[in-house]
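Novice: What follows is a structure written as C-alpha cells; I'll ask about it next.
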Ligand SMILES: CCC1=C(C)/C(=C/C2=NC(=C\c3[nH]c(/C=C4\NC(=O)[C@H](C)[C@H]4CC)c(C)c3CCC(=O)O)/C(CCC(=O)O)=C2C)NC1=O
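Numbering (the working numbering), first residue to last: 1203 to 1371.
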C-alpha cells in the first residue's frame, strides 16, 4: 500500500534523483489538498451508513430490474451483498482519498473483481453507476460542510469505475 509521498519517493529513489521541480509541485499539491482530503474522510466516516443507503435507493430507483426476480440483487442475501459491496467502495475510497493515491484500490479492491462479477452474473454497468452515485453523494455532503473544492474525492471513484469497466478478463 502506498500514499502519494511514498510513491513519489520510490519513483525518485529508483533512478537516484533528488526531488526536482516536478516532484516539489506534486508534493505541494498533496499538502495543499490535505485539509479537504481529511474533511472528506471525516464526512464519510460520520455518514457512511446513510450514504450507502441513499446510494442504493437511488440505484434501485433508476434500475428497478436489479431487485426484481431474475435481477442480480434480488433475494435478501444478494441485496445485502450489493449494499456490502457499496460499503466496500466507500470505505476504500476514503483510504485512497487520504493517501492521495489509488494504489490501495488496486491492491485491496480491484484485483480479480471483474472476474468475480462476471462469474456471478453481477452486471458491470449498474455497479459503475452505483459507484458514481456514491461519489456524487460524498461530494454533496463535503460541499455542505463548506469545502469549496471537492475535486479530491473524484480520483478514487473514477479509478474504480474505469478499472471495473475496462479491464479485460
Ligand atoms: C474489499 C474488496 C471486495 C469487494 C469489492 C468484493 C466484492 C464481491 N461481491 C460479491 C458478490 C456480489 N456483489 C453483488 C453486487 C451487486 N449486484 C447488483 O445487481 C448491483 C449492481 C451490485 C451492488 C451495487 C451481489 C448481488 C453479489 C452476490 C452475487 C451472488 O452471490 O449471486 C463477491 C462474491 C463473494 C460474496 O458474495 O461475498 C465479491 C468478492 N469482495 C471484497 O472482498
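Where is the CB? At the ideal position from N, CA and C, for every residue including glycine.
1) Roughly how many angstroms lie between the CA atoms of residue 1211 and residue 1265, to the nearest whole one?
2) Hey, how far is the Cα of residue 1276 from the Cα of residue 1216?
3) Below 7 Å, is the gap between the Cβ of residue 1358 and the nearest heavy atom of ligand 1?
4) So, are the CB atoms of residue 1343 and residue 1254 less than 8 Å apart?
5) Got a sec: does ligand 1 put a non-hydrogen atom nearer than 7 Å to the Cβ of residue 1311?
6) Is the separation between the beta-carbon of residue 1243 and that of residue 1300 shorter than 8 Å?
7) Tell me whether residue 1287 counts as near ligand 1, meaning its Cβ is closer than 7 Å to at least one heavy atom of that ligand.
8) Pull up the distance between the alpha-carbon of residue 1371 and that of residue 1316, whole angstroms please.
9) Hey, is residue 1280 close to ligand 1, as in C-beta under 7 Å from one of its heavy atoms?
10) Can you have a look at residue 1239 and say buried or exposed, based on whether 16 or more other CB atoms are within 10 angstroms of its CB?
11) Which residue's Cα is closest to the Cα of residue 1341: 1295, 1310, 1224?
12) Cα separation between residue 1213 and residue 1221?
13) Exposed or buried, what is residue 1322 when buried is set at 16 or more other beta-carbons lying within 10 Å of its beta-carbon?
14) Do residue 1362 and residue 1326 have their C-beta atoms within less than 8 Å of each other?
15) Taking 7 Å as the line, does the beta carbon of residue 1261 fall inside it for any heavy atom of ligand 1?
Specialist: In short, the structure shows the following:
1) 44 Å
2) 50 Å
3) no
4) no
5) yes
6) yes
7) yes
8) With a pLDDT of only 43 at residue 1371, under 50, the local geometry of the prediction cannot be trusted, and the value read off the model is given with reservation. Using only the alpha carbons, I get a separation of about 7 Å.
9) yes
10) buried
11) 1295
12) 10 Å
13) exposed
14) no
15) yes
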